[in-house]
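Q:
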Amino acid sequence: MALQITEECINCDLCPVECPNEAISMGAEIYEINADLCTECIGHYDQPSCVEICPVECIELNPNKKETLDQLAAKYTQLHS
Ligand code: SF4
Ligand code: SF4
């Protein structure tokens with residue numbers, strides 16, 4: 001599953017630089033995660049680095065983007081080949 005940012009985001013600017021897939025960018029009001037680029041950090045880190053850095057814990061699983069670990073690994077390979 002890709003992750004998503006909730007409306008609790010305070011636009012602190014910390015997470016975009018932490019994303020190894022450049023999946024996080026500024027949206028209309030708050031930062032957004034491009035679900036096609038987010039791999040839950042699989043292939044890079046043991047834990048999602050954006051979740052670890054977020055001071056207000058406003059990054060959660062995106063229920064509309066259900067993916068298995070194999071699918072996330074395949075996405076990583078596709079993004080970085
Ligand atoms: Fe980027 Fe990793 Fe966060 Fe996904 S979980 S948005 S890949 S930092
Ligand atoms: Fe928003 Fe959290 Fe990212 Fe800061 S780290 S910009 S609060 S999602």
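Residue numbering for the sequence shown follows the working numbering, starting at 1 and increasing by one per position.
We treat Cβ as the ideally placed atom computed from N, Cα and C, and that holds for glycine.
As the structure is a prediction and not an experimental result, all values here were calculated from the model.
Determine the contact status of Ile42 and Ile5, defining contact as a CB-CB distance below 8 Å.
A: Counting from 1 along the sequence shown, the entry for residue 42 is found at position 42. Counting from 1 along the sequence shown, the entry for residue 5 is found at position 5. No.
Q: In the DSSP output, which residue or residues are listed as bridge partners for Leu61?
A: Mapped onto the sequence shown, residue 61 falls at position 61. DSSP output for Leu61 lists Leu3 as bridge partner(s).
Q: Given this structure, state the Cα-to-Cα distance separating Asp36 from Ala2, to the nearest angstrom.
A: Start at 1 with the first residue of the sequence shown, and residue 36 comes out as number 36. Start at 1 with the first residue of the sequence shown, and residue 2 comes out as number 2. Whole-angstrom Cα-Cα distance: 8 Å.
Q: Once you ignore the five residues that flank Glu40 on each side, which residues in its own chain have a CB closer than 8 Å to its CB?
A: Looking up residue 40 in the sequence shown gives position 40. Closer than 8 Å at the Cβ level, and outside the excluded window around Glu40, lie Met1, Ala2, Leu3, Pro48 and Leu72.
Q: With DSSP as the reference, please indicate the residues paired to Tyr31 in a beta bridge.
A: Looking up residue 31 in the sequence shown gives position 31. According to DSSP, which records beta bridges pairwise, Tyr31 is partnered with Met26.
Q: Taking the Cβ atom as the reference point for each residue, do Ile10 and Pro16 lie within a distance shorter than 8 Å?
A: On the sequence shown, position 10 is the one that residue 10 refers to. On the sequence shown, position 16 is the one that residue 16 refers to. In this structure, Pro16 does not lie closer than 8 Å to Ile10 by Cβ.
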